[in-house]
Ligand code: BES
Ligand code: MN
Ligand code: MN
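Numbering (this note's numbering), first residue to last: 65 to 524.
Written as structure tokens, this is what we have:
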């Protein structure tokens, strides 16, 4: 890797220009009106893969947004690294909260500001550039397959079938992913756990029309009042979820493992300061890291109904809605949890209203071992470039398809992310540090080198 640092130094400007071009495309998977940009984004990924040197790249159609595949097979007797990432982004949200427009990337204080700067365009592009370096400098030690999807932010609905239908094409030895965060720039870490997810939407229907709140108020159930009341019943004073059976399958973590987790550096004061909150909150009996990593959670994501425009309108709304996410941990089944939710939510509904529950999406939790050659190769790579051994952590976020890769392809994913939890992904002013972007490009080639060496030495 003699030339690696030079290569990055000499191409910095070019890498950023190329990344900025991707960041200018509002590839929001969740709304129909961006379908053209989704297509444009898939094309651009394909172009970059070809430019970086893959033998072939293809835009693969699905029922939803396309998956981009690219591969470089140098020798079929060598192992294959599969790189997974996603080219779709979350909606920008309220534009007035952005200090600069979300799709006009800028660098400020050594950080790239744009929607997708970190999640996941910035992080996936590091892999394209690291691959380009390896190929150009005769340092590519194995085969590579890229699988870049466009539906991660909506639960990867088409990717399950795609993986199932393309098992042969997706044969490999390990999946490498940069779509998570590390603890700090001077404390690298590798995620070994992701939470699962069950996402539901509810509708509470009352009378057949909005009513005058004077003529009817106090005598007819108000669906918004009812919904709020029902939601507050779903957690108790210790922040435990009250849905019967919710915790039944939760894999308990041993005291030894909890003690091990507690050693990971975590600064609660800095955590609160970043969020500007005076105190944290969560399930009684667990630390913040445990609440995020090993315990499920219940969150109202949005609630609406009735009159929300300027001024006052005295109505009793006919219906109310809410979106709810439940983060899950290993062994909890998202479908089962959504069913338990539906059953309980209907059971606590008063007979003054009708309740509908729609399951939007879900995904399994994931844990990866720390003694696999994939993990060891990533840890050694980070140790080389950061000068410090990474610690294993469990993250609160979800990448629903990761558990399915294990199930369908028998492949473990290595979550070697370079973002920071303070990068404001999904929030206004998402950003990604230049340090992180270039450090990622520098670290990835060491992963390949270590992985192939360890693979060759591993007992077969
Ligand atoms: N990259 C994130 C997940 C993530 C972020 C994991 C930070 C660990 C640390 C991913 O793009 C994401 O946002 N996933 C969604 C999935 C959902 C929409 C199905 C999530 O976690 O909300
Ligand atoms: Mn992501
Ligand atoms: Mn995301």
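Here a beta-carbon is modelled for each residue, glycine too, at the ideal position from N, C-alpha and C.
| field | Unbroken beta strand (DSSP E) run spanning residue 210, endpoints | value | The continuous beta strand (DSSP E) containing residue 210 extends over residues 207 to 213.
| task | Can you grab the Cα-Cα spacing for the pair residue 232 / residue 78, in whole Å? | result | If I take the Cα positions, the gap works out to 35 Å.
| message | At 4 residues or longer, what runs of the alpha helix (DSSP H) sit wholly inside the region 312 to 375? | response | Counting only runs of 4 or more, we get 319 to 325, 332 to 339, 352 to 357.
| message | I need the DSSP call for residue 235, collapsed to helix, strand or coil. | response | Looking at residue 235 - three-state DSSP - the assignment turns out to be coil, as it is neither helix nor strand.
| When you compare each of 122, 142, 92 to residue 518 by their alpha carbons, which one comes out closest? | Looking from the CA of residue 518, the closest CA among 122, 142, 92 belongs to 142.
| query | What does the shell around ligand 2 hold, if a residue joins when its beta-carbon is under 6 Å from any heavy atom? | reply | The chain-ordered list of residues whose CB is nearer than 6 Å to some heavy atom of ligand 2 reads 150, 183, 184, 216, 243.
| Other residues of its chain near residue 76: CB distance less than 8 Å, five sequence neighbours each side excluded | Excluding residues up to 5 positions away in sequence, 502 lie with their Cβ nearer than 8 Å to the Cβ of residue 76 in the same chain.
| For residue 77, the first and last residue of its enclosing alpha helix (DSSP H) | First-last of the alpha helix (DSSP H) with residue 77: 68 to 87.
| residue 496 and residue 176 closer than 7 Å at C-beta | Result yes, Cβ atoms of residue 496 and residue 176 sit closer than 7 Å.
| message | Measuring only the C-alpha atoms, how far is residue 270 from residue 339? | response | When the Cα atoms are used, residue 270 and residue 339 turn out to be separated by approximately 38 Å.
| said: Counting beta carbon pairs with one atom in the region 274 to 293 and one in the region 422 to 429, are three or more of them shorter than 8 Å? | reply: In short, these stretches do not touch, since the Cβ pair count stays below three.
| said: Could you tell me the alpha carbon to alpha carbon distance between residue 303 and residue 412, rounded to whole angstroms? | reply: Residue 412 has its alpha-carbon roughly 18 Å from the corresponding atom of residue 303.
| message | Is it buried or exposed, residue 514, if we count other Cβ atoms within 10 angstroms and call 16 or more buried? | response | Per the 10 Å Cβ criterion, buried.
| query | What do you reckon, is the C-beta of residue 459 under 6 Å from a heavy atom of ligand 1? | reply | Under cutoff, so the answer is yes.
| C-alpha gap between residue 528 and residue 297, whole angstroms | There is simply no residue 528 to check, as the chain begins at 65 and stops at 524 in what is shown.
| field | Nearest to residue 288 (by Cα), restricted to the options 366, 381, 345 | value | Considering only alpha carbons, the answer is 381.
| task | Determine the extent of the beta strand (DSSP E) in which residue 112 is found, giving its start and end residues. | result | No beta strand (DSSP E) holds residue 112; the alpha helix (DSSP H) holding it covers 99 to 116.
| request: Evaluate contact between the region 348 to 358 and the region 314 to 334, counting only Cβ atoms and requiring at least three cross-stretch pairs below 8 Å. | output: Under the 8 Å Cβ criterion, the region 348 to 358 counts as touching the region 314 to 334, having at least three qualifying pairs.
| Considering residue 186, what are the terminal residues of the alpha helix (DSSP H) in which it resides? | Element bounds for residue 186: 185 to 200.
| message | Between which two residues does the beta strand (DSSP E) holding residue 448 run? | response | Run containing residue 448: none in the beta strand (DSSP E); it sits in the alpha helix (DSSP H), 437 to 450.
| field | Host alpha helix (DSSP H) of residue 390 (start-end) | value | Counting along the chain, residue 390 falls outside any alpha helix (DSSP H), though it belongs to the beta strand (DSSP E) covering 383 to 392.
| said: Just list the residues that DSSP pairs residue 148 with in beta bridges. | reply: Looking at the DSSP assignment, residue 148 forms a beta bridge with 211, 241.
| request: Using alpha carbons as the reference points, say which of 93, 241, 344 lies closest to residue 145. | output: Distance check between residue 145 and each of 93, 241, 344 places 241 closest, using alpha-carbon atoms only.
| Buried or exposed by the 16-neighbour rule on C-beta atoms within 10 Å, applied to residue 344 | So residue 344 ends up on the exposed side.
| Supposed contact pair residue 357 and residue 325 - C-beta distance, whole angstroms, cut 8 Å | Correct: roughly 7 Å between the Cβ atoms.
| Can you round the beta-carbon distance between residue 300 and residue 306 to whole angstroms, since I take them to be within the 8 Å contact cut? | Their Cβ separation, rounded to whole angstroms, is 5 Å, which keeps residue 300 and residue 306 in contact under 8 Å.
| If you measure from the CB of residue 357, is any heavy atom of ligand 1 nearer than 6 Å? | No, since every heavy atom of ligand 1 falls outside the 6 Å radius drawn around the Cβ of residue 357.
| request: With DSSP as the reference, label residue 456 as helix, strand or coil. | output: In the structure shown, the three-state DSSP call for residue 456 is strand.
| query | Under the three-state reduction of DSSP, which class applies to residue 128: helix, strand or coil? | reply | The three-state secondary structure of residue 128, taken from DSSP, is coil.
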